[in-house]
Every structure is written in structure tokens, then in C-alpha cells.
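The structure appears below as C-alpha cells.
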Ligand code: ATR
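Structure, rendered in C-alpha cells:
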């Protein structure tokens, strides 16, 4: 039987994961199938069980099931535990499901390898304190930034995320007001503000000379955060399309043990987006 994989979400129609994983499979000569499945909101655990019983080898999990997926795992990676979410399930040899999250490592790979921006020793600001931000903190800290400030509209949520890393004195939480006067070398937008065409209230002069700006969202045109970054004199800015492809590549590697090539896939989806 062919090895079966899928992405589970609701809604799922616009997911690019099937397209990405099919290109990876072709490129690396892996015999496998990858589909998307819209899972009823009250049926996640059952749907996972059924998929695995029918020859499933692994799953990607997306909105709104990333937290719920924790409960179906037999083992959890440390980065998934700290993320409080799972985006990849891998069938282990003992038949249990390993839960991992590849979003953060995908973002860091896009920033470091594709964009060639450094994180080590840099002052990093992350905007937002929801699930998306929680998912990238551990891999970001592993790059050893000089400091990592999480700024959020609801300050308490930013502080709670910083508290997940009690041994790290480089990470802290704050509100947007408290950013006045501070400067950063890398600013990452992880708020969902872009979705509604909005921008968090950021002070001027937040960007140090040569600063880079990264939006975890992507689209057919620059996000409001990227436009702000350009106006503020950022040396370079990027959206999160590379993160999408890199998190998929990391999942693919976990399942198949081969690392696909991503540059052409990113360029291909970019061409589609621009139309
Ligand atoms: P996700 O899973 O995508 O991270 P989420 O958990 O709902 O989604 O978190 C959304 C994040 O975007 C939060 O940090 C939210 O700020 P609050 O915690 O104060 O609600 C932030 N956000 C959403 N719209 C925003 C806006 N217009 N300005 C600033 N922050 C915004």
C-alpha cells in the first residue's frame, strides 16, 4: 500500500500543503500520497484514528486543531511542548504518534538560509503573543539573539510567553507603549493584524540601522507591516511564504528522512500568488 499523508484542518480548501508536498515527493522520488481533509470541528481525534488505521504514516495539522492535536500524541518533542501545539504527526515504529511543530524551525531556516539574515547577537522584537508567536520562540532563542522582546496589545499574554523560558534572561514581554526609545535589528510580525489590513501601534525609530523585518503572513502584495518597514527605512523585509514552504520541508524530512530543495518551490508559489 502506498504511504499516505494528509493535512487536517477546517477550512482547508485553500491549503497549499498538498501542492508543496507533491512537488517534494516528485523531486525526491518518494512514492507517497498527500491530500487535504476538512475535518468536522467535533471529530478531530476520531478522524486521526481512522486515517492512521487506513495506512496513514503522518499528518500535518492546521487551524483550528493544532492545540487539540497534543492530545492524540504518544510522544511530544520539546519544541512542540513549548509551542503548546502540534503541526506534524509522525507514525512511530511502536505505532504511537510523535507530535512535533515545524513552524518555528521553518521560519528560522527561511530567515537564516534563504534570506541570509543573522539572528545571533541581534536585538529581536516579536510582535504578538498568540499561537503563531508561541510556536516560534524556542527555535528563535536557540539562535542566541542578544535579546528577544515579545510585544503585545494584551501585555499579560506577552509576559506569560516569556515566562515559558524561566532560565533565559534574554527574553521579556512588554506592551507596545513600552517600546518607545528602544531599537531592534530584526522585527518579526506574528500578530494577525495583517489579516484585517491593520498594523500594531509601533513607535517611529524602532528600527536600528540595517534592520530587517519579517512578517509571518504572506500574500499577493506586501503586507501592511512590510509597507511600514519600508517607510521606516528597513534594509530588507520579507513575508512568510518561505516559512510556509520551509515548515513543510521540515515535516517532509521527519516523515521521509530526505530534505527537499525549497528555493524553486518558493519561487513557483510566488509566481502563482502574483498571478
Ligand atoms: P494566532 O494563532 O494566529 O497567533 P491568536 O492566538 O488569535 O492567533 O493571536 C493573534 C495575535 O494578534 C494576538 O497577539 C493579538 O493581540 P491580543 O493578544 O492583544 O489580542 C494580535 N492582534 C490581532 N489583531 C491585532 C491588531 N489589530 N493590533 C495589534 N495586535 C493584534
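In our numbering, the protein residues as written are 467 to 741. Where is the CB? At the ideal position from N, CA and C, for every residue including glycine.
Checklist line | CA nearest to the CA of residue 739, picked from 687, 630, 497 | finding: Closest option to residue 739, Cα to Cα, is 687.
Note to self: Can you list, in chain order, the residues of its chain with a C-beta nearer than 6 Å to that of residue 734? Leave out the 5 residues immediately preceding and following it.
What the structure shows: none
Notebook entry, point to check: On the premise that residue 475 lies in contact with residue 556, defined as a C-beta separation below 8 Å, what is that separation, rounded to the nearest angstrom?
Noted result: No, residue 556 and residue 475 are not in contact; Cβ-Cβ is about 18 Å, not under 8 Å.
Check: At a cut-off of 7 Å, is residue 599 close to the ligand ATR when judged by its beta-carbon and the heavy atoms of the ligand?
Finding: yes
Item checked: Among 573, 633, 485, the one whose alpha carbon lies nearest that of residue 654 -> 573
Notebook entry, point to check: Curious, which full-length alpha helix (DSSP H) runs of at least 4 residues does the region 644–708 contain?
Noted result: With a minimum length of 4 residues, the continuous alpha helix (DSSP H) runs that stay inside the region 644–708 are 690–697.
Next item on the list: Could you tell me the boundaries of the beta strand (DSSP E) in which residue 537 lies?
Entry: Neither: residue 537 is in no beta strand (DSSP E) and is coded neither H nor E.
Note to self: Quick check on the DSSP output: the alpha helix (DSSP H) that includes residue 518 runs from which residue to which?
What the structure shows: In the DSSP assignment, residue 518 falls within the unbroken alpha helix (DSSP H) covering 510–519.
Item checked: Beta-bridge partners of residue 637, as assigned by DSSP -> Paired residues: 614.
Checklist line | Distance cut-off 7 Å: residue 657 Cβ against heavy atoms of the ligand ATR | finding: yes
Notebook entry, point to check: Would the region 684–698 and the region 667–676 be scored as touching if the rule is three or more Cβ pairs under 8 Å?
Noted result: Yes, since at least three Cβ pairs between the region 684–698 and the region 667–676 fall closer than 8 Å, the two stretches touch.
Next item on the list: Could you name the residues of the same chain whose beta carbon sits closer than 8 Å to that of residue 674, not counting the 5 residues immediately before and after it, in chain order?
Entry: 589, 649, 650, 651
Next item on the list: Alpha carbon to alpha carbon, how far is residue 633 from residue 737? Give it in angstroms, no decimals.
Entry: Answer to the nearest angstrom: the Cα atoms are 43 Å apart.
Checklist line | residue 619 in three-state terms, based on DSSP | finding: Collapsing the DSSP output to three states places residue 619 in coil.
Checklist line | residue 724 in three-state terms, based on DSSP | finding: coil
Notebook entry, point to check: Within this structure, are the beta carbons of residue 601 and residue 641 separated by less than 8 Å?
Noted result: No. Outside cutoff.
Note to self: Checking the sheet assignment: what are the DSSP bridge partners for residue 629?
What the structure shows: Its beta-bridge partners do not exist; DSSP assigns none.
Check: Is residue 618 near the ligand ATR, going by C-beta to nearest heavy atom under 7 Å?
Finding: yes
Next item on the list: Return the residue from the list 534, 522, 615 that minimises the CA-CA distance to residue 559.
Entry: 522
Check: Since residue 527 is in the beta strand (DSSP E), which residue starts that stretch and which ends it?
Finding: 522–527
Check: Is it true that the CB of residue 617 sits closer than 8 Å to the CB of residue 628?
Finding: no
Check: Thinking C-alpha only, which one of 636, 519, 497, 609 is nearest residue 585?
Finding: 609
Next item on the list: Return the chain-ordered list of same chain residues with a C-beta closer than 8 Å to the C-beta of residue 732, the five sequence neighbours on each side being excluded.
Entry: Non-local beta-carbon contacts of residue 732 in its own chain, meaning distances under 8 Å to residues more than five positions away in sequence, involve 580, 707, 708, 711 in chain order.
Check: For residue 510, which residues from the same chain have a beta carbon less than 8 Å from its beta carbon, with the 5 sequence-adjacent residues on both sides left out?
Finding: 474, 531, 534, 535, 538
Item checked: Within 8 Å, strictly: CB atoms of residue 468 and residue 515 -> no
Item checked: Between the CA atoms of residue 607 and residue 619 - distance to the nearest angstrom -> 22 Å
Checklist line | Residues that DSSP places opposite residue 642 in a beta bridge | finding: Residue 642 pairs with nothing; no bridge assigned.
Notebook entry, point to check: Any chance the CB of residue 669 is under 7 Å from a heavy atom of the ligand SAM?
Noted result: In terms of ligand content, the structure shown lacks the ligand SAM and carries the ligand ATR instead.
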